[in-house]
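Notes follow the structure.
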Amino acid sequence: MVGGASREPSPKGKQAFPEVDPTLRATAAATAGGTLVILWPAFTLGAYGAIFFDAVLGIWAVATAVLLSGLMLHTRGALPWGGWVALALPSVWIVLAVMARRTHGAHYLHYFEVVLTLVGAPTLTWLLSRILLPDYAELPELHRLRAVLVTVAVGILAFLLGKFNYLFLTCADFDISGNNTPPGCAPGPPFHLL
Numbered sequence: 042m043v044g045g046a047s048r049e050p051s052p053k054g055k056q057a058f059p060e061v062d063p064t065l066r067a068t069a070a071a072t073a074g075g076t077l078v079i080l081w082p083a084f085t086l087g088a089y090g091a092i093f094f095d096a097v098l099g100i101w102a103v104a105t106a107v108l109l110s111g112l113m114l115h116t117r118g119a120l121p122w123g124g125w126v127a128l129a130l131p132s133v134w135i136v137l138a139v140m141a142r143r144t145h146g147a148h149y150l151h152y153f154e155v156v157l158t159l160v161g162a163p164t165l166t167w168l169l170s171r172i173l174l175p176d177y178a179e180l181p182e183l184h185r186l187r188a189v190l191v192t193v194a195v196g197i198l199a200f201l202l203g204k205f206n207y208l209f210l211t212c213a214d215f216d217i218s219g220n221n222t223p224p225g226c227a228p229g230p231p232f233h234l235l
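Residue 140 in this note's numbering sits at position 99 of the sequence shown; the count goes up by one each step and never skips.
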């Protein structure tokens, strides 16, 4: 039932849980995927003032897998040209990083990395949702926009959590997780140790 929940009797005659609204399911799947992509890069940018390479490589892997899948299928019109460009951006970043390293310059590359991650994550969320979720295309445009906005909002919140990590984490929390301690972390024993 589109647009509402229904109750179906269970085999024993009891009421089952209501079915999840398909609009909510598609929107939630899109936002969940996007927030998983943006969470760690935004947090580390807030906590350390840097986006770790593993986050960018994760975005690269997903974007490249979708890009290569599309290229191998030779599907015309599957995505607008801007979608193909967005999927290629993480590979462009790697090529630029290789070139900059060999020329011992290009300090601007870090800014490109930040933009790529923070702008690319919501764009990649939109593209992957459009490609991987069958219900996504049936969502009203406003719901699709909301999915992207939720991803951006979680990215901003993750950045703020990283920036103000000393309010709910200690330096020992970072140590025990295998991360370096960020500047300004709170001294003390691990807060989240059982």
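Think of the CB as a built atom: it goes at the ideal place given N, C-alpha and C, for glycine as much as any other residue.
Between residue 193 and residue 72, the CB-CB gap reaches or exceeds 7 Å. The alpha carbon of residue 210 has as its nearest neighbour, out of 197, 225, 196, the alpha carbon of 225.
In this chain, the alpha helix (DSSP H) harbouring residue 110 covers 94–114. In this structure, residue 165 and residue 78 form a Cβ contact; the two beta carbons are roughly 6 Å apart against a cut-off of 8 Å. Per DSSP, residue 215 is one residue of the alpha helix (DSSP H) stretching across 212–217. Residue 228 is classed as exposed because its beta carbon has fewer than 16 other beta carbons within 10 Å across all chains shown. Taking a 10 Å sphere around the C-beta of residue 134, we find 16 or more other C-beta atoms and assign the residue as buried.
Beyond the five residues adjoining it in sequence on each side, residue 91 comes within less than 7 Å, by CB distance, of 85 in the same chain, given in chain order. Contact check for residue 206 and residue 223: beta-carbon distance about 6 Å, within the 8 Å limit, so the pair qualifies.
With fewer than 16 other Cβ atoms inside 10 Å of its own Cβ, residue 110 counts as exposed. For residue 138, no pairing in a beta bridge is given by DSSP.
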